[in-house]
Structure formats: C-alpha cells, structure tokens
Amino acid sequence: MEDLEVVVALRYGVASGFWQGKRVFLTGHTGFKGSWMTAALVMAGADVYGYALEPEGPSALYNRARLDRFVHSYIADIRDASRLSAAIKDARPDIVVHMAAQPLVIDSFTRPAYTYETNVMGTVNILEALRSTDAAASFLNVTTDKVYFNEELPGKRYREGDRLDGFDPYSNSKSCSELVTATYERSFFAQDGPAISTARSGNVIGAGDWADNRIVPDCVRAVLAGESIEIRNPNSTRPYQHVLEPISAYMEICGSQFDDRGLASSYNVGPDDESCVTTGELADLFCSKWGDGATWKAVDVEGPHEANFLALDHGKITSDLGWMPHWGIEEAVAQTASGYRELAEGLDAWKMLQKGIEEYFGM
1 MEDLEVVVAL RYGVASGFWQ GKRVFLTGHT GFKGSWMTAA LVMAGADVYG
51 YALEPEGPSA LYNRARLDRF VHSYIADIRD ASRLSAAIKD ARPDIVVHMA
101 AQPLVIDSFT RPAYTYETNV MGTVNILEAL RSTDAAASFL NVTTDKVYFN
151 EELPGKRYRE GDRLDGFDPY SNSKSCSELV TATYERSFFA QDGPAISTAR
201 SGNVIGAGDW ADNRIVPDCV RAVLAGESIE IRNPNSTRPY QHVLEPISAY
251 MEICGSQFDD RGLASSYNVG PDDESCVTTG ELADLFCSKW GDGATWKAVD
301 VEGPHEANFL ALDHGKITSD LGWMPHWGIE EAVAQTASGY RELAEGLDAW
351 KMLQKGIEEY FGM
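This is the structure:
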C-alpha cells in the first residue's frame, strides 16, 4: 500500500475531509466504473477494500493503473456468499458500495441465469453479509436507469416512484436487485444497521472502458484501427454522462446518509435534458473531439430488443442532496476522447485517472 496525498475536495454537501480514513468496502472494484470509483476514493483519503473478479486482461484499466497498489483486494465471486461474508467481517467497513454485476444487456440474453445469479443473488449475499456485522453505517446499491418499465414515450423522464420492470434479463435483474434491497431495508435494517440507498445511473462514458458492444469503446477501437465507426441504433436516445458524474453522486449519497440516515432513499443519477442525446449525436461529438478524420456509419445488426428512448429525472437528488451534473455532454465526450488518446499515446493510466478526477472536482 502506498500513501497518497489527499487531493479531492467533494463538491456537494460533504466536507472535503469526510473520506479521510473511512474504511470503504467496494464490490466490482476491478471493472471500468469500479476503477474510477477506486481512484476517487483513494484520492479522497479512504481506506479501500475491494471485492471483485480478476480484471479482464492487461488492458483493463485497473491493471494499467496498477490500482492494486492502493487497495486491500479480495479476488472472488459475488455469488460466493461465504467468501463475501468473511471479507466484510475482515474489512469491518464504515461504508459499503455494491457495484459488482454482470453489466451488459447483450450478454444477459446469452447468459440469463448467470446474470440473475450475479445481479440478484449477489445483492442478497451482500445484504446477508451486512446482517452479520455491525460495522457499516452506510450502504449503497448501484443499479441502473434500466430498472424502469420503459414505456418508450419520447420526452418522458423516469422518476424514482415509477414502475420497476426492466425489459431484458439484465435490466430486469437490476429491477429485482432494487426490490431485494427495499425488502431487506424494511425487514432487517429499518431500526438498526446501515442506512440503505440505491442509485440508478444513466449510461456512462469515460476513458479506459474496453467492453464489447458499448458505443464509446467501439468508437475508440475503430479509430485506432483506422476504420469508420459502425453504429447500430443511431436514433436511440440515452442519458449519457461522464463516469465521474455518478461517482460524485455515489460519494454524496454515501456521505450524506452516513451523517443523516433520513436521507437514505433511491436516487436517479443522470444528466440534464440537453445532454440526453441520440447515439448518432454522440458519435458525431466523438468524431469531432477525436479529429484525424474520424467518421461513422449506421449499420443494420440483428440483435435483441433495446429501448429507443430512455431518460431520467434527477430532480430528487438535486433537491434532497444538492447534487447536480457538472459536465455537459460535449465536455464529457471531450474528456473521454482526450483520456483515450492519452492512453493510446502511452500516458500512465494512474496519471490519466488523477488528471480527470482533479479536473472534475475543480482541483
């Protein structure tokens, strides 16, 4: 473990020194989003305990940034209830953030049982583990914007009280994860134990994501190969946002309910309306920010159902906690393209993470 200077001053509602020395148990820390979350927590002074599968190869952001230097890491499966319980008892965390998941819609059609086992029973397992320890004061379950029953109505912004019933196995498994969390909170943690919230965030973009069948990684792979980007469903609208937007919201939720459990709830985390763009518009922005004559073309691809329109209303987290989006879609894409270019040119991945976090948090 290396000592790092505390450099992040949180923007919303939580004092800049809040995370110093806090023991944070983070599941899914080796993934793309988990790597950015790990970096932000470490830079804020937290003592991070991560629980996740092995990073996916040497190109994984977690490996390239050598984040294992800064984390007490448990490499294990969220479906392994006994291993998970032992890890939480060992870590004795102040705060638990649950991000481990099978996160891809397309993969959920080929591996539906695995998706439910991971996303639903994984949630059960971590909540059961929390029942056996009195250490944690704050628990956040990170789900998705796709938990809602999507009525495919142009202009509709989903609110936290809307019906939960995701269409596909991935989305539906996250709806179930929300219901499991609510049931455990009512049944076992209403009086004692951690304050419990869920966060439903929109589609994230940011440098270091190499997952298949995601718009920005597909764009980067194409331009690095000198090829035109192929876009399926260019007219579909999504609440795209930079990965640091939800991460700042997760930190805000965890800290706020740590001090006042009355603030525990379910929160949408999404961009302002003007940043909800079509996939084609996102591709236009990426090509513009990347330069070098980058182009894209629409392609017809046979595949499973995907929603044509999805947007969130973030009014609740703004009114209750004071959180608001910081970067609009143009800045989010600019930061993303710049970060990927830096990685392609050999910039140390940890320095890329530091740079992005410092810029986002106004350092």
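The numbering used here puts the first residue of the sequence shown at 1, with every later residue one more than the last.
Glycine included, C-beta positions come from ideal geometry on N, C-alpha and C.
From a predicted model like this one, the values you see are computed outputs, not experimental measurements.
Cα-Cα separation, residue i to residue j
i: Ile231; j: Val333; result: 16 Å
i: Val96; j: Thr38; result: 12 Å
i: Leu282; j: Lys174; result: 25 Å
i: Ala344; j: Pro194; result: 42 Å
i: Ala52; j: Gly255; result: 23 Å
i: Tyr240; j: Thr278; result: 9 Å
i: Gly229; j: Arg23; result: Residue identity check: residue 229 is Ile in the sequence provided, not Gly. Roughly 42 Å between the two C-alpha positions.
i: Leu179; j: Thr295; result: 43 Å
i: Gly346; j: Ala40; result: 22 Å
i: Pro217; j: Val142; result: 22 Å
i: Ala225; j: Ala207; result: 17 Å
i: Ser132; j: Ser138; result: 15 Å
i: Glu358; j: Ala135; result: 31 Å
i: Thr183; j: His314; result: 24 Å
i: Glu152; j: Gln335; result: 30 Å
i: Leu414; j: Asp284; result: The question about residue 414 has no answer here: the residues shown for the chain are numbered 1 through 363.
i: Phe258; j: Gln191; result: 15 Å
i: Asp260; j: Trp19; result: 16 Å
i: Pro154; j: Asp162; result: 16 Å
Nearest-angstrom beta carbon gap, residue j and residue i [assumed within contact, 8 Å]
i: Ala199; j: Pro234; result: About 28 Å; that fails the 8 Å criterion.
i: Asp145; j: Gly270; result: 7 Å
i: Leu84; j: Asn125; result: 5 Å
i: Cys276; j: Thr237; result: 6 Å
i: Phe25; j: Ile88; result: 6 Å
i: Trp36; j: Leu353; result: 7 Å
i: Asp292; j: Val223; result: 7 Å
Cut-off 6 Å between Cβ atoms - residues of its own chain near residue i, not counting five sequence neighbours on either side
i: Trp350; result: Ala65
i: Asp272; result: Pro325
i: Ala298; result: Ile231 and Pro234
i: Gly262; result: none
i: Gly28; result: Gly34, Ala52, Met99 and Ala100
i: Tyr12; result: Interpretation of Tyr12 is limited by its pLDDT of 36, a score under 50 that renders its predicted location unreliable; no figure is taken from the coordinates.
i: Gly280; result: Pro234
Own chain partners of residue i with C-beta closer than 7 Å, once the 5 adjacent residues on each side are dropped
i: Asn63; result: Pro55
i: Ala337; result: Phe286, Lys289 and Trp290
Distance CB(residue i)-CB(residue j) smaller than 9 Å
i: Trp327; j: Tyr360; result: yes
i: Glu31; j: Met121; result: Here residue 31 is Gly; the residue named in the question, Glu, does not match the sequence. It is not a contact, given that the beta carbons lie outside the stated cut-off.
i: Ser82; j: Gly50; result: no
i: Val147; j: Leu130; result: no
i: Asp209; j: Val243; result: yes
i: Val71; j: Val48; result: yes
i: Ile196; j: Thr181; result: yes
i: Leu67; j: Val42; result: yes
i: Gly57; j: Gly21; result: no
i: Thr123; j: Ser59; result: no
Beta-carbon contacts of residue i that lie in its chain and below 8 Å, excluding the five residues immediately before and after
i: Gly316; result: Checking the displayed sequence, the identity of residue 316 turns out to be Lys instead of Gly. Only Arg159, Glu160, Ser265, Tyr267 and Asn268 meet the Cβ criterion.
i: Gln102; result: Ser108, Arg111, Tyr114, Thr115, Thr118, Asn119, Tyr170 and Ser173
i: Arg341; result: Trp290
i: Glu274; result: Gly328 and Ile329
i: Arg79; result: Glu117, Thr118, Met121, Gly122 and Asn125
- prompt: Within the chosen definition, does the stretch 180-194 reach the stretch 236-251 through at least 3 CB pairs nearer than 8 Å?
  reply: Contact between the stretch 180-194 and the stretch 236-251 is absent: fewer than 3 CB-CB pairs across the two stretches fall below 8 Å.
query: Quick check: the stretch 87-94 against the stretch 199-219, are there 3 or more CB pairs under 8 Å?
result: Cβ pair count under 8 Å is below three, so no.
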